[in-house]
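Chemist: Questions regarding the structure given below will be posed in turn.
In our numbering, the protein residues as written are 6 to 162.
The following block contains the structure:
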């Protein structure tokens, strides 16, 4: 393995464009040689050739590394699943609570109307009813904010 190949094996994902620029500045014959030997790997488990070197240094190390990668993936999935369940539960709870508060405020508005405070009762009930309709039929604010951030990030890049 040449010195350039060793350097290419140790780079991070952020350096890929810099590497490709360097390769494009090389003579055509060297570009072909480098592009043929250039390979990228990403994931919790090292590339098989690297695993082989670990196994040579310490028999059984490759198996431990693979088991650790599998355990890490299983743990990550269980954490994502738990987070998703928590978000769903929290969203349901906030909907029930919002609906309950909305109904209470609308009922209070009707009580105000019945007691001779028509303008105040109508405004209170109407605004609350419109807010409830909007909250149950509209897009949640979190989704709008993240979409706007992604759009801004794409425009900046």
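Think of the CB as a built atom: it goes at the ideal place given N, C-alpha and C, for glycine as much as any other residue. Every value quoted in this text rests on a predicted model; they were computed, and no experiment measured them.
Please tell me whether residue 137 and residue 107 are closer than 8 Å, where the distance is taken between their beta carbons.
Modeler: Contact: yes.
Chemist: Measuring straight from C-alpha to C-alpha, what distance separates residue 117 and residue 133?
Modeler: Taking the straight line joining both Cα atoms gives about 14 Å.
Chemist: In angstroms with no decimal places, state the Cα-to-Cα distance between residue 87 and residue 52.
Modeler: So the alpha carbons of these two residues sit roughly 30 Å apart.
Chemist: In angstroms, rounded to a whole number, what distance separates the CA positions of residue 93 and residue 142?
Modeler: Answer to the nearest angstrom: the Cα atoms are 17 Å apart.
Chemist: Look at the Cβ atom of residue 103, then the Cβ atom of residue 114, and state whether they are nearer than 8 Å.
Modeler: Not a contact, by the Cβ cut-off of 8 Å.
Chemist: Considering Cα atoms alone, identify which of 60, 55, 65 and 110 is closest to residue 130.
Modeler: Answer by Cα proximity: 110.
Chemist: Whose C-beta lies closer than 6 Å to the C-beta of residue 77 among residues of the same chain, with five residues either side of it excluded?
Modeler: The residues are 49.
Chemist: Residue 71 lies in the alpha helix (DSSP H); which residues open and close that run?
Modeler: Residues 66-119.
Chemist: Which residues bound the alpha helix (DSSP H) around residue 26?
Modeler: Per DSSP, residue 26 belongs to the alpha helix (DSSP H) from 21-29.
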